[in-house]
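Read through the structure below, which is laid out as structure tokens, and then see the notes.
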Amino acid sequence: MTELWVERTGGRRYTGKSSRGAEVLIGSEDVDGVFTPGELLKIALAACSGMSSDVPLARRLGDDYQATIKVSGPPDREQERYPLLQEVLEIDLSGLSEAEAERVRTVVNRAIDQVCTVGRTLKSGTEVTFEIADKRP
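Structure (structure tokens):
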């Protein structure tokens, strides 16, 4: 399993890392060139939906189809959570009949509901634990 961690790089700034060599810059909204943790959550959801629907869309539209998934949802600052996340898949279905386009919508929604781990986790909720490990020499 891939190991994931964040390292502090400054005040309210971190770099997210994976054992596969990937990195992402994380910080607060007032810092350019970084994602906030909430933005990463939203991007993870949109990417998971895209990856979950990639095979059925490629099968129907061709391997070179273009797609953008926009994701939004304002935070509830009193409860410090996102009560609603909205995704919109922007894709050209003009080469399909209305019946074929409706079938694509059905298949894509089903694929995302069945295999998008991020979406399934957010919809069902998950237990989160946190501990502090003392690193004294």
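Here the sequence shown is numbered in the working numbering, starting from 92 and rising by one per residue. Even glycine gets a Cβ: it sits at the ideal position worked out from N, Cα and C. Since the structure is predicted, the reported quantities are computational estimates derived from the model, not experimental observations.
Cβ distance (whole Å) where residue i is taken to contact residue j below 8 Å
| i | j | result |
| --- | --- | --- |
| Pro166 | Gly107 | The Cβ separation is near 20 Å, so there is no contact. |
| Glu181 | Thr159 | 5 Å |
| Tyr105 | Arg111 | So it is not a contact: roughly 18 Å between Cβ atoms. |
Cβ neighbour criterion (16 or more within 10 Å) applied to residue i
| i | result |
| --- | --- |
| Ala224 | exposed |
| Leu136 | buried |
| Lys214 | exposed |
| Gly102 | exposed |
| Leu148 | buried |
| Gly186 | exposed |
Reduced DSSP category for residue i - H, G, I as helix; E, B as strand; rest coil
| i | result |
| --- | --- |
| Arg150 | helix |
| Thr106 | strand |
| Val219 | coil |
| Ala138 | helix |
Beta-ladder partner(s) of residue i, from DSSP
| i | result |
| --- | --- |
| Gln177 | Ser163 |
| Val115 | Gly107 |
| Leu95 | Ser109 |
| Gly101 | Arg104 |
| Ala158 | Ile182 |
| Arg172 | Asp167 |
Completely contained beta strand (DSSP E) runs for the segment 184 to 212, where each covers 3 or more residues: Listed in chain order, nothing qualifies, since the segment 184 to 212 has no complete beta strand (DSSP E) run of 3 or more residues.
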